[in-house]
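**Q** Structure in structure tokens, see below.
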Amino acid sequence: MVTADPFLTMHGIVKHFPGAKALDGVDLDVRAGEVHCVLGQNGAGKSTLIKVLSGAHGHDAGAIRIDGEEVTLATPAAALRAGIATMYQELDVVAGLTVAENIFLGNERSVAGLTRRQDAAHAARDLLVRLGHPEISPHAEVGTLSAAGQQVVSMARALSRDARLLIMDEPSAVLDSEEVDNLFRVVRDLTASGIAVIYISHRLEEIRRIGDRITVLKDGRTVASGLEVAQTSTRELITLMTGRTREYAFARREVPAEAQDVLQVVDLAVDGLFSGVDLTVRAGQIVGLAGLVGAGRSEILETIAGARRRTAGTVTVDGVALPPGSVPRAVAAGVGLCPEERKSQGLILDEPIFKNLTLSSFAGFARGGFLREHAERAATATQMQNLQLRPADPDRAIRTLSGGNQQKVMLGRWLEHGCRVLLLDEPTRGVDVGARAEIYDLIGQLADSGTAIVVVSSEIPEVLALADTVLVVAEGRIVHTGPATEIDEHRVLDLVMDSDALAEGHR
Amino acid sequence: MTQDHPTSETQDPVTDLPETAEAVPPPEQPVGGQDAPRRRGLPTSVVRNLGLVIAFLLLVVIGVVSAGDRFVDGGNALTIISQAAVIGIISIGTTFVITTGGIDLSVGSVLGLASVWATTLATQAMADQYHWIVIVFTACAVGAACGLVNGILVAYGRIVAFIATLAMMVAARGLAEIISNKQTQIVENNGLLDFLRSSVLKIPMVVWVFAIVAVLAWILLNRTTFGRRTVAIGGNPEAARLAGIRVREHLLAVYTLGGLCVGLAAVLMIGRTGVGTSTHGYMYELDAIAAVVVGGTLLIGGRGTIVGTVLGVLIFSMLLNIFTLNNLSLSAQLVTKGAIIVIAVLLQQRFANGGRPGWWRQIFTRTPTPTPVQGGTS
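Just so you know, the protein sequences line up as chains A and B, in that order.
When we follow the numbering used here, the leftmost residue of the first sequence carries the number 16, and every step to the right adds one.
When we follow the numbering used here, the leftmost residue of the second sequence carries the number 1077, and every step to the right adds one.
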């Protein structure tokens, strides 16, 4: 029952956060009775979009229309009144309450402040039957239900609010295949009754099964909207998600062939994540790991850095073997990791720049355990000049810096500590265009000075442009190793998709 | 470098949006109410403690008005500080623990245990045989050992600090009762008592001990690598871990330090009362936490202040003093104490946020770091 008139239209939505633009012109139109899939890499802006729609965040520019009328979704309550209900990835059910209490949470059926439990139980049972789960008792405690059951409760709550648009954020992430089948059946029932669904997922094969139309986000922008699922190839979708939004101009570097091996990784594995990873990086070489989100790229970097305990294999830096699971030992050997989530894993946001930049080296500045902050400040100012970080004020709060400048501080941390191996996880995520070019330059300079560098990026063209040697990672294995000049984006996609298909076949 | 990047013309700050507002004016003279100036250097620390200083001065005025000469008397000031010494030294140790994002609920019980262990017949016999320093040493060792156990449970057992130290709080009190058989143990060693009750330059020994501990703690937190690690782990444990800091070892050291401070406080307690008993330090953990938080140390970690903690302790001690001088009920004093906790914390928040509108909202919306302190391997 898909109608042509959009129920919801979002146009030119912009959302700023301090230091980053999370949404930068998102367009989306959703029709009543359709399943509209929103696709995008981590950090593309999907969660921010959901939060804007559900009233958790306001937006800074752009318009949201429902049935053609402009609305303001200032609070979650306002979004609910407008008919928009959200099922978050982390299910927002209260484990200690019953199914019925959860369904009517915040919307209790009551008379003079007393809850009408029987009434609520009956209404809850009707909703559960409608969702195809008559076996769930309204009196059961939600904590005792399976993840799938809890999801049904969350969905029933959305229905109880007479939602006209249901946002589902990665609903299949917690389900097994049978439960996914049931979920899809419920979703079809809902759309048949005219409810629109925004479905967010990484799994392309699911989108093929359930979706009607697709909108693809990248870097906070809509790069394609309203694609008909039936007429869009998987390759086209992956290209839209991972492809270039701008040209990467990065002169091919010459790696001295006789340079010594700095980092040697042999048969590295962490149970359940990845296995059989072999990797050699010479001084001055940049090795790129390409692949889709969830392939195990970040985990490989974290394991090399000692942040995860490996279950097999060896990691050697300049001929010295590193013990498993020890970050301090890896750091002492000269291994530096710039993690994927800069703010939560890399920086102390309440501290000034210099304390962040010297986080790995402050003990080296100290004399007999006593800090020498003036020396730290001076060294930080010098590094900031190298990094073209302006104004070079070491006491400035790191929170106020842009994403690009925060990333430069992370690079500066390892420059100051002195590192032989630099592991960069998504080095340009949340970084503006101008600062990206500067960061590419810095990575090149670091390599030229003899550092061995490993780069992970979700943007395949970025990996191909930056790296000398490219490793393609899929399903926790390295499926290809070769010079960057001998592989292109299409070949990488073929490799990724082939091994995904292979893995599907094994299931 | 022979690199060619056509995007380089976009490097000007206009594309670097979040910076534009502050990058355009010279950094030393920022225009408007931006947050750059209040975030730098010494003024920040002064501003941060401003609410406390105001509360402190307000109490002084109340004291002078209500009790007059008896309050202004120099001896009375020393009394206030002396009475603050035990809680003060405990609170200083707790400041380190809370700065890492942890908590120590066991300090009161451990104080009781240390006072009992240091005054058993056996310990006192040894003290008579050798030197009263044996009692000091025993109390400190018991405190540090309890702190060490807390640290092991939190850092290596990965038990939430609240629970681990709650267990220690219960167990230490019980152990103190077992050892003392619930009897009050009188200290016969006059050497120790005479020392603790003596004065140097007309200033009581306990005040000296409190002052020395405070100064050492200030140096430790603000001027050493130990302090930097403490603040870093509280500010973002995952970032600290990935930067190569030995988070678990450091947590162990911090909890041990907290216990050591309790042991030292137990010595002063023995000196003040002349006895060791399992009831010593009852509910002191709450006084200590109140003083630390009123002082401006963040309960979620990442910011700690020794000066604030000392001021917090002195405020509560002065409050007690004023009520006593005016013959007011101690129950009313407790009500006032509760009010002061709330007011001081609200003032802290106001000044910490530069008095901007919406400061109160930030009290409630500040989100803790997503990764638990004990998470992962290092």
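Just so it is clear, CB atoms sit at the ideal spot from N, CA and C, and this is done for glycine as well.
For the 8 angstroms Cβ check, are there 3 or more pairs between the segment 220-232 of chain A and the segment 43-53 of chain A?
**A** Yes: at least three Cβ pairs fall under 8 angstroms.
**Q** So, do the segment 1406-1424 of chain B and the segment 1189-1209 of chain B have three or more beta carbon pairs nearer to each other than 8 angstroms?
**A** Output reads no: the segment 1189-1209 of chain B does not touch the segment 1406-1424 of chain B.
**Q** Determine whether the Cβ of A1319(B) lies closer than 8 angstroms to any Cβ atom of chain A.
**A** For the purposes of this step, residue 1319(B) is taken as the residue at position 243 of the second sequence. At least one chain A Cβ lies under 8 angstroms of A1319(B).
**Q** Taking its Cβ as the centre, do 16 or more other Cβ atoms sit within 10 Å of Q133(A), making it buried, or is it exposed?
**A** As a working mapping, residue 133(A) is identified with position 118 in the first sequence. With fewer than 16 other Cβ atoms within 10 Å, it is exposed.
**Q** Residues of chain B with CB closer than 8 angstroms to the CB of A381(A), please, in chain order.
**A** Residue numbering aside, residue 381(A) sits at position 366 when the first sequence is read from its first letter. What A381(A) touches in chain B: T1300 and T1301.
**Q** Could you tell me which residues DSSP pairs with F289(A) in its beta bridges?
**A** Position 274 of the first sequence, counting from 1, holds the residue named residue 289(A). Paired residues: V285(A).
**Q** Using the three-state DSSP reduction, which class does K423(A) fall into: helix, strand or coil?
**A** Here residue 423(A) refers to the residue found at position 408 when the first sequence is read from its first residue. Note: K423(A) maps to helix in three-state DSSP.
**Q** DSSP puts L180(A) in a beta bridge; with which residues?
**A** As a first step, residue 180(A) is located in the first sequence; it is residue number 165 there, counting from the start. Looking at the DSSP assignment, L180(A) forms a beta bridge with I99(A) and A211(A).
**Q** Tell me which residues of the segment 1239-1273 of chain B have at least one Cβ-Cβ distance to chain A shorter than 8 angstroms, keeping chain order.
**A** Cβ contacts with chain A: none found.
**Q** List the whole-angstrom C-beta distance separating T1306(B) from T1170(B), where the pair is believed to meet the contact cut-off of C-beta under 8 angstroms.
**A** To locate residue 1306(B), count along the second sequence from 1; it is residue 230. To locate residue 1170(B), count along the second sequence from 1; it is residue 94. Not really, about 13 angstroms apart at Cβ, beyond 8 angstroms.
**Q** Quick check on L386(A) - is its C-beta less than 8 angstroms from some C-beta in chain B?
**A** Position 371 of the first sequence, counted from the start, is the residue given in the question as residue 386(A). So, interface residue.
**Q** Grab me the residues of A1129(B)'s own chain with a C-beta within less than 8 angstroms of its C-beta, minus the 5 sequence neighbours each way, in chain order.
**A** Here residue 1129(B) refers to the residue found at position 53 of the second sequence. Residue identity check: residue 1129(B) is Val in the sequence provided, not Ala. Taken in chain order, the residues that qualify are L1387.
**Q** Inspect the beta-carbon positions of L337(A) and G321(A) and report whether they are closer than 8 angstroms.
**A** The sequence position of residue 337(A) within the first sequence is 322, counting from 1. The sequence position of residue 321(A) within the first sequence is 306, counting from 1. Yes, the pair counts as a contact, with Cβ atoms nearer than the cut-off.
**Q** Going by C-alpha distance, which of Y1232(B), I1228(B) and I1295(B) is nearest R387(A)?
**A** Taking the first residue of the first sequence as 1, we reach residue 387(A) at position 372. Selected option, being the one with the closest Cα: I1295(B).
**Q** Return the CA-CA distance between V67(A) and T443(A), expressed in angstroms with no decimal places.
**A** Position 52 of the first sequence, counted from the first residue, corresponds to residue 67(A). Position 428 of the first sequence, counted from the first residue, corresponds to residue 443(A). Whole-angstrom Cα-Cα distance: 24 angstroms.
**Q** Hey, does A1308(B) have any beta-carbon neighbour from chain E nearer than 8 angstroms?
**A** Within the model displayed, chain E is absent; protein chains A and B are what it includes.
**Q** Taking the alpha carbon of V342(A) as the point to measure from, which residue in D333(A), L352(A), V335(A) and G334(A) has its own alpha carbon closest?
**A** In the first sequence, counting from the first residue as 1, residue 342(A) sits at position 327. V342(A) has its Cα closest to that of L352(A), out of D333(A), L352(A), V335(A) and G334(A).
**Q** Could you give the residue range of the alpha helix (DSSP H) that holds G1219(B)?
**A** The residue labelled residue 1219(B) in the question sits at position 143 within the second sequence. I1209 to G1227 is the extent of the alpha helix (DSSP H) around G1219(B).
**Q** If you check the beta carbons only, do E366(A) and F380(A) fall under 8 angstroms apart?
**A** Here the question's residue 366(A) lines up with position 351 in the first sequence. Here the question's residue 380(A) lines up with position 365 in the first sequence. In this structure, F380(A) does not lie closer than 8 angstroms to E366(A) by Cβ.
**Q** For L278(A) and A305(A), I'd like the C-alpha separation in whole angstroms.
**A** Position 263 of the first sequence holds residue 278(A). Position 290 of the first sequence holds residue 305(A). Going from the Cα of L278(A) to the Cα of A305(A) covers about 19 angstroms.
**Q** Report yes if the C-beta distance between L364(A) and Q398(A) is below 8 angstroms; otherwise report no.
**A** Within the first sequence, residue 364(A) is the residue found at index 349, counting from 1. Within the first sequence, residue 398(A) is the residue found at index 383, counting from 1. No; because the gap between Cβ atoms is not below 8 angstroms, this pair is not in contact.
**Q** Answer with yes or no whether the minimum CB distance from I458(A) to chain B is below 8 angstroms.
**A** The residue you call residue 458(A) lines up with position 443 of the first sequence. So, not an interface residue.
**Q** Just checking: is the beta-carbon of F377(A) within a distance shorter than 8 angstroms of some beta-carbon in chain B?
**A** By 1-based counting over the first sequence, the position of residue 377(A) is 362. So yes, F377(A) belongs to the interface.
**Q** Below 8 angstroms between beta carbons is the criterion; list the residues of the segment 343-354 of chain A that meet it against any residue of chain B, in chain order.
**A** Residues P343, A345, V346, A347, L352 and P354.
**Q** So with CB distances below 8 angstroms, who are the chain B contacts of R535(A)?
**A** Residue 535(A) is absent from the model: chain A starts at 16 and stops at 522.
**Q** Between A37(A) and chain B, is there a C-beta pair that is closer than 8 angstroms?
**A** For the purposes of this step, residue 37(A) is taken as residue 22 along the first sequence, with counting starting at 1. Chain B contact via Cβ: absent.
**Q** If we define contact as Cβ-Cβ less than 8 angstroms, is G1378(B) a contact residue for chain A?
**A** Within the second sequence, residue 1378(B) is the residue found at index 302, counting from 1. Yes, contact with chain A.
**Q** Specify, as a first and last residue, the run of the alpha helix (DSSP H) that G1070(B) falls within.
**A** What is shown of chain B runs 1077 to 1454, which leaves residue 1070(B) out entirely.
**Q** Determine the DSSP secondary structure at L1118(B), reduced to helix, strand or coil.
**A** The residue labelled residue 1118(B) in the question sits at position 42 within the second sequence. Confidence at L1118(B) is low in this model, with a pLDDT of 44, below 50, so the placement of that residue should be treated as unreliable; the coordinate-derived value is given next. In the structure shown, L1118(B) sits in a helix (DSSP, three-state: H, G or I).
**Q** Taking three-plus beta-carbon pairs below 8 angstroms as touching, is the segment 79-86 of chain A in contact with the segment 236-249 of chain A?
**A** Taking 8 angstroms as the limit for Cβ pairs, the verdict is that the segment 236-249 of chain A does not touch the segment 79-86 of chain A.
**Q** Buried or exposed for H154(A), going by 16 or more other Cβ atoms inside 10 Å?
**A** The count along the first sequence starts at 1 and reaches residue 154(A) at position 139. Exposed: under 16 other Cβ atoms inside 10 Å.
**Q** Looking at C-beta atoms only, is the number of pairs between the segment 1387-1403 of chain B and the segment 1151-1164 of chain B that lie closer than 8 angstroms three or more?
**A** Cβ pair count under 8 angstroms is three or more, so yes.
**Q** Any idea which residues DSSP pairs G111(A) with across the strands?
**A** By 1-based counting over the first sequence, the position of residue 111(A) is 96. Bridge partners of G111(A): none, in fact.
**Q** Could you tell me whether the segment 152-168 of chain A touches the segment 114-121 of chain A, using the rule of 3 or more Cβ pairs below 8 angstroms?
**A** Cβ pair count under 8 angstroms is three or more, so yes.
**Q** Do you know offhand how far L1328(B)'s Cα is from R1322(B)'s?
**A** Position 252 of the second sequence, counted from the first residue, corresponds to residue 1328(B). Position 246 of the second sequence, counted from the first residue, corresponds to residue 1322(B). If I take the Cα positions, the gap works out to 10 angstroms.
**Q** Would you say L362(A) lies against chain B (beta-carbon separation less than 8 angstroms)?
**A** Within the first sequence, residue 362(A) is the residue found at index 347, counting from 1. L362(A) counts as touching chain B.
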